[in-house]
Amino acid sequence: MRFAFIPVAAAMAVGAAAPVLAEPYVLDKSHTQVIFSVDHLGFSVVHGWFRNMDAEIDFDPEALEQTRVTFTIDAASVDTNWPARDEHIRSADFLDVENHPTITFVSKSVELTSAETARLTGEVTLRGVTHEETFDVRLNKYGPSPIVPGKMVAGFTATGELDRTRYGMNYAAPAVGGTIPIRIELEMSPAGQ
Numbered sequence: 039m040r041f042a043f044i045p046v047a048a049a050m051a052v053g054a055a056a057p058v059l060a061e062p063y064v065l066d067k068s069h070t071q072v073i074f075s076v077d078h079l080g081f082s083v084v085h086g087w088f089r090n091m092d093a094e095i096d097f098d099p100e101a102l103e104q105t106r107v108t109f110t111i112d113a114a115s116v117d118t119n120w121p122a123r124d125e126h127i128r129s130a131d132f133l134d135v136e137n138h139p140t141i142t143f144v145s146k147s148v149e150l151t152s153a154e155t156a157r158l159t160g161e162v163t164l165r166g167v168t169h170e171e172t173f174d175v176r177l178n179k180y181g182p183s184p185i186v187p188g189k190m191v192a193g194f195t196a197t198g199e200l201d202r203t204r205y206g207m208n209y210a211a212p213a214v215g216g217t218i219p220i221r222i223e224l225e226m227s228p229a230g231q
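Add 38 to the 1-based position in the sequence shown for my numbering, that's all there is to it.
This is how it looks when you write it as structure tokens:
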């Protein structure tokens with residue numbers, strides 16, 4: 039299903055349509071992943087993810103530019119499938135989870151780039167340092183669940199990258215990747231469904 043995001047936004051811009059109000063959506067944590075990749079000395083790429091996260095989402099399928107998201111990640115839930123490495127990532131060399139237990143993203147704006155894509159800009163706070171970052175977002179599908187009657191589901195993929203050294207994580211950079219590709223796969227549904 040295609041969203042008519044751009045025509046709706048254009049109509050609103052010239053006052054031809056009444057304002058559309060976004061409504062609360064709930065993150066489906068069982069179908070959401072925050073995945074990252076790190077180049078290891080040029081020999082290989084290590085992949086990891088965070089096991090625990092939550093989000094507050096206001097969304098309207100007819101007006102993507104109205105979307106507001108606050109995403110919170112439990113930094114200690116990092117998992118690279120190697121416990122000793124995970125403990126090092128939790129240390130002060132990297133995430134410093136003892137002093138900074140959460141990673142947050144708070145959206146500021148949504149720029150439509152096609153009927154199915156947008157650029158989502160917001161503030162990432164990591165290790166107590168905040169920078170503005172932008173992610174490319176693609177609508178994968180929006181429609182009724184074929185498994186749960188009456189439930190609407192929106193699925194998205196967001197991609198971007200973070201320069202970890204901007205957040206004070208300088209350990210072994212750039213030999214161990216300083217620029218970290220991020221991929222977020224998520225599903226969400228209207229609250230109350």
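Here a beta-carbon is modelled for each residue, glycine too, at the ideal position from N, C-alpha and C.
For clarity, every value in this text was computed on a predicted model and none was experimentally measured.
Residues near residue i by beta carbon distance below 6 Å, same chain, minus five either side
i: H69; result: E225
i: K189; result: S183, S227 and Q231
i: L65; result: A93 and M226
Where residue i falls, given that 16 or more other Cβ within 10 Å makes a residue buried
i: F74; result: buried
Among the options, the one whose alpha carbon lies nearest that of residue i
i: W87; options: Q104, E94, D96 and N119; result: N119
i: G216; options: Y63, V76 and V64; result: V76
i: A213; options: T203, A192 and S115; result: T203
i: T142; options: R165, D131, Y180 and L177; result: R165
i: D96; options: V83, R128, I222 and V148; result: V148
i: R176; options: T195, S152 and H169; result: T195
i: K146; options: A153, E154, D131 and V162; result: V162
Which of helix, strand or coil DSSP assigns to residue i
i: L65; result: strand
i: R165; result: coil
i: P121; result: helix
i: I73; result: strand
i: I141; result: strand
i: E154; result: coil
i: A192; result: strand
i: A211; result: coil
Nonlocal neighbours in the same chain, by C-beta distance under 7 Å from residue i, ignoring five residues either side
i: N178; result: G193, F194 and T195
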